[in-house]
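Everything on this sheet refers to the single structure shown next.
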Amino acid sequence: TLGLATDESAEAIIAQASHESAFDRAGLRRACSVMGGGAKTDKDHGATMSVWLAKSERTAEDFGKYCGAFLVQDRTRVFSDSRLITKKIIDDYPDVAEIVRTEAERVLQICSRLRSAEIAQSTAALLRLGIELLTRYEKRKEDRGLVDYADLIQRTVDLLRRPGVAPWVLFKLDGGIDHILIDEAQDTSPEQWAIVRALADEFFAGAGQRDIPRTIFAVGEIGRAHV
81 TLGLATDESA EAIIAQASHE SAFDRAGLRR ACSVMGGGAK TDKDHGATMS
131 VWLAKSERTA EDFGKYCGAF LVQDRTRVFS DSRLITKKII DDYPDVAEIV
181 RTEAERVLQI CSRLRSAEIA QSTAALLRLG IELLTRYEKR KEDRGLVDYA
231 DLIQRTVDLL RRPGVAPWVL FKLDGGIDHI LIDEAQDTSP EQWAIVRALA
281 DEFFAGAGQR DIPRTIFAVG EIGRAHV
């Protein structure tokens with residue numbers, strides 16, 4: 081879903097992005113040289129790029145600082161032209177401007193992949209935690225012979241769908257139910273609606289056990305309910 085390989089971590093993405101073959105080193109060196117003679121913005125960004133190019137080994141922290149030469153603070157988009165590189169450099173050195181823009185887009189794509197990797201890592205950790213919690217919770221209920229509200233709902237659904245048993249159960253229930261009220265209908269789960277449907281179907285399954293009006297009344301934001 082995130083477009084990542086199974087072993088593609090944030091560290092691996094940064095290592096690949098930092099490799100000498102991943103960017104135009106000669107072009108960026110030329111850009112740094114030209115930007116060093118420009119306005120303050122050009123000089124600042126050029127200096128940041130120079131620090132990156134001078135390193136033989138680059139860490140995640142180094143990459144984070146390098147992003148500052150190209151991207152806004154949250155790293156979701158490239159600086160506008162006037163902040164990325166000034167108009168004079170663009171006019172006088174269009175090739176340099178193109179080199180900087182190309183690198184900016186590359187860095188932006190890397191940051192997007194890093195966010196994906198962070199989401200994958202966090203999601204995997206959350207799933208591991210959730211599975212462990214649920215496993216322990218189910219074991220504790222089993223040891224104590226307990227059921228919770230969700231268990232009651234699911235067991236009722238299963239009962240009302242069980243071949244050979246459900247018709248008799250529904251027949252007996254139909255003898256004591258004349259009205260169904262669903263409160264906060266927008267919060268009613270699909271399983272709960274299945275119970276309501278099973279009970280309500282008996283209202284209209286031919287002659288009832290008693291000759292009285294049978295009603296279903298739902299309260300809530302029905303447009304959002306799983307009716």
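Read left to right, the sequence shown gives residues 81 to 307 (the numbering used here).
In this text, a Cβ means the ideal position worked out from N, Cα and C, and glycines have one as well.
All values reported here derive from a predicted model rather than from experimental measurement.
| query | result |
| --- | --- |
| Would DSSP call alanine 184 helix, strand or coil? | helix |
| Assign phenylalanine 143 to one of three DSSP states: helix, strand, or coil. | helix |
| Buried or exposed for serine 136, going by 16 or more other Cβ atoms inside 10 Å? | exposed |
| Could you give the distance in angstroms between the alpha-carbon of threonine 295 and the alpha-carbon of aspartate 258? | 7 Å |
| State the Cα-Cα distance for the pair glutamate 88 and aspartate 228, rounded to the nearest angstrom. | 40 Å |
| For the alpha helix (DSSP H) that contains histidine 99, what are its first and last residues? | No alpha helix (DSSP H) holds histidine 99; DSSP gives it neither H nor E. |
| Report all residues from its chain with a CB closer than 6 Å to the CB of glutamate 301; omit the five preceding and five following residues, and keep chain order. | Gln266 |
| Output yes or no for whether 8 Å exceeds the beta carbon distance between tyrosine 173 and valine 131. | no |
| In terms of residue numbering, what span does the beta strand (DSSP E) encompassing threonine 156 cover? | No beta strand (DSSP E) holds threonine 156; DSSP gives it neither H nor E. |
| When the Cα atoms are used, what is the spatial distance from isoleucine 93 to serine 269? | 41 Å |
| Per the contact definition of three or more C-beta pairs closer than 8 Å, is the region 100-107 in contact with the region 179-186? | yes |
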